[in-house]
Structures are given as structure tokens and as C-alpha cells.
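Peer 1: Pasting in a structure now, in C-alpha cells, and then I'll have a few things to ask.
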Amino acid sequence: MKALNAARSASESQAAAGGERPLQYLTFWLGQEVFGMDIRTVREIIQAGPMTALPLMPQFVRGVINLRGSVVPVVDLNARFGRSSSVLGKKSCVVVFDTQRHGERVELGLLVDAVSEVIKITPSQIEPPPDFGSVVRRDFIQGIGKVGQRFVVLLEPDRALDVREMADLCERAQERALA
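For the sequence shown, numbering that gives the first Met the number 0 gives the first residue as 0, with consecutive numbering after it.
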């Protein structure tokens, strides 16, 4: 955490010197890796608790939660990225964010191991995603943010959690179950 705070201070100093307008990213942990997403899409962060599992869903759809009367699907980002499912711990959180489907706002939840902080990154500090060696699919990544001496994988949540792709996966899972 201290290293990320020091990196954030260095990043903000660079931004001020360059005159660029920094963007804010919520950072969170999945295992030993730090990821970020544009804070403007984040609706709220809640402590992970019990979720209602849904039958015939892909493994990465952890279940649904009741958020003030709304049913919010929760996606396990570790599982979505092809890793083992997350184990709920004291610091596990659900990041609720807004996305669009058929022109309507849809709330989705992301299960993460821990939320870290909000950092500022200027556009010049963001590199394109690498063609190889990435920890997640390239199309899920907006870019790689340079924060001091560290890197933060900046996610493109609308792509990583494409509602249409998820619906297709759910439909295929249902077809397999009926076969």
C-alpha cells in the first residue's frame, strides 16, 4: 500500500508538471495484481457477502445480490479471466458499476479480492495493452497505466463484461445442460 501511495504521489507530480488533465481510476487487487477501472463508471463499493447462485450460469457469474431492492448480477473477475474462482475473505468487495445494454443502464457487480484506492493517471501515462504476456485477454484491457515505478492494468469493463457475450455464454451453458 505504501508503495502504491508513493507511486500515486509521483504520478500526480508528473501530471501537474505536464499540464495534462489526469483521469481517476479505482484500483483493486485480484491475487497479487493491481487492476484499475475508470471511477466514473463505479456506482458504489460494498463488502462481499452472501450471493444467490443461479442455475445454468457460467462459473464466472457468482450469483446475484439484493442492492436496495434491485437484483444485481455479480461476476467473479478471477473466474472471468480464466483463473480459479475467488475465495471470499475479509477484504473481498463487490464493485457495482453501470454499463449499457440495448440503450438502457444496467448495474453489474464485480467481485474483487480487495479495493485499494483511487489514483490519478494522465493519458500520456497510459500505454496500449501488450500483444503478448498479458494476465487477461487483450480486448479486456484499456491500457497499462504507469504509476511511478509500478504498472496498473486498466480494464475496459464494458468489454470484459460484455452483456451480450455473457448472455451467449449463458445460453450455451443452458443448451449443454439440456443435451
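Virtual Cβ for every residue (Gly too), placed ideally from N, Cα, C.
What is the rounded straight-line gap between the Cα of GLY35 and the Cα of ARG61?
Peer 2: As a first step, residue 35 is located in the sequence shown; it is residue number 36 there, counting from the start. As a first step, residue 61 is located in the sequence shown; it is residue number 62 there, counting from the start. Approximately 21 angstroms, taken between the alpha carbons.
Peer 1: Which class does PHE80 belong to by DSSP, given the choice of helix, strand or coil?
Peer 2: Translated into the one-based positions of the sequence shown, residue 80 becomes position 81. PHE80: coil per DSSP, three-state reduction.
Peer 1: Can you give the Cα-Cα distance for LYS119 and VAL41, rounded to whole angstroms?
Peer 2: Looking up residue 119 in the sequence shown gives position 120. Looking up residue 41 in the sequence shown gives position 42. Cα to Cα, the separation comes out at about 15 angstroms.
Peer 1: I need the straight-line Cα distance from ARG104 to ASP97, nearest angstrom please.
Peer 2: Residue mapping note: residue 104 aligns to position 105 of the sequence shown, counting from 1. Residue mapping note: residue 97 aligns to position 98 of the sequence shown, counting from 1. Going from the Cα of ARG104 to the Cα of ASP97 covers about 6 angstroms.
Peer 1: Are GLN70 and LEU107 touching if we call contact CB-CB under 8 angstroms?
Peer 2: By 1-based counting over the sequence shown, the position of residue 70 is 71. By 1-based counting over the sequence shown, the position of residue 107 is 108. The question names Gln, but residue 70 in the sequence shown is Val. The answer is no: Cβ separation not under 8 angstroms.
Peer 1: Rounded to the nearest angstrom, what separates MET50 and GLN31 at their Cα positions?
Peer 2: As a first step, residue 50 is located in the sequence shown; it is residue number 51 there, counting from the start. As a first step, residue 31 is located in the sequence shown; it is residue number 32 there, counting from the start. Rounded to whole angstroms, MET50 to GLN31 spans 24 angstroms at the Cα level.
Peer 1: To the nearest angstrom, how far is it from the Cα of PHE59 to the Cα of SER123?
Peer 2: The residue you call residue 59 lines up with position 60 of the sequence shown. The residue you call residue 123 lines up with position 124 of the sequence shown. About 33 angstroms.
Peer 1: Which runs of the alpha helix (DSSP H) fall wholly inside the region 56 to 128 and span at least 4 residues, in chain order?
Peer 2: As far as the region 56 to 128 is concerned, its whole alpha helix (DSSP H) runs of at least 4 residues are 76 to 79.
Peer 1: Hey, quick one: how far does the beta strand (DSSP E) through ILE45 stretch, first residue to last?
Peer 2: If you number the sequence shown from 1, residue 45 lands on position 46. 41 to 46 is the span of the beta strand (DSSP E), which, as asked, contains ILE45.
Peer 1: Please go through the same chain and pick out, in chain order, the residues whose beta-carbon is closer than 6 angstroms to the beta-carbon of ALA113, but skip the five residues on each side of it.
Peer 2: For this step, residue 113 is matched to residue 114 along the sequence shown. Excluding sequence neighbours, ALA113 sits near TRP28 and LYS90.
Peer 1: So, at 8 angstroms on beta carbons, what are the nonlocal neighbours of PRO129 in its own chain, with the 5 sequence-adjacent residues on each side left out?
Peer 2: Here residue 129 refers to the residue found at position 130 of the sequence shown. Within the same chain, PRO129 has close Cβ partners ARG137 and ILE143.
Peer 1: Can you give me the C-alpha to C-alpha distance between ARG67 and ALA47, rounded to a whole angstrom?
Peer 2: Residue numbering aside, residue 67 sits at position 68 when the sequence shown is read from its first letter. Residue numbering aside, residue 47 sits at position 48 when the sequence shown is read from its first letter. Those two C-alpha atoms are separated by around 15 angstroms.
Peer 1: On a Cα-Cα basis, can you pick out the residue from PRO127, VAL33, VAL93 and ASN65 that is closest to ILE44?
Peer 2: Position 45 of the sequence shown, counted from the start, is the residue given in the question as residue 44. Considering only alpha carbons, the answer is VAL93.
Peer 1: Identify the residues that DSSP records as bridge partners of LEU22: which are they?
Peer 2: Here residue 22 is taken as the residue at index 23 of the sequence shown, counted from 1. Answer is ILE120, bridged to LEU22.
Peer 1: Where does PRO127 land, buried or exposed, given buried means 16+ other C-beta within 10 angstroms?
Peer 2: Working through the sequence shown from its first residue, we reach residue 127 at position 128. PRO127 comes out exposed.
Peer 1: State yes or no: is the C-beta of PRO127 nearer than 7 angstroms to some heavy atom of the ligand NAD?
Peer 2: Ligands in the displayed structure: none, and consequently the ligand NAD is not present.
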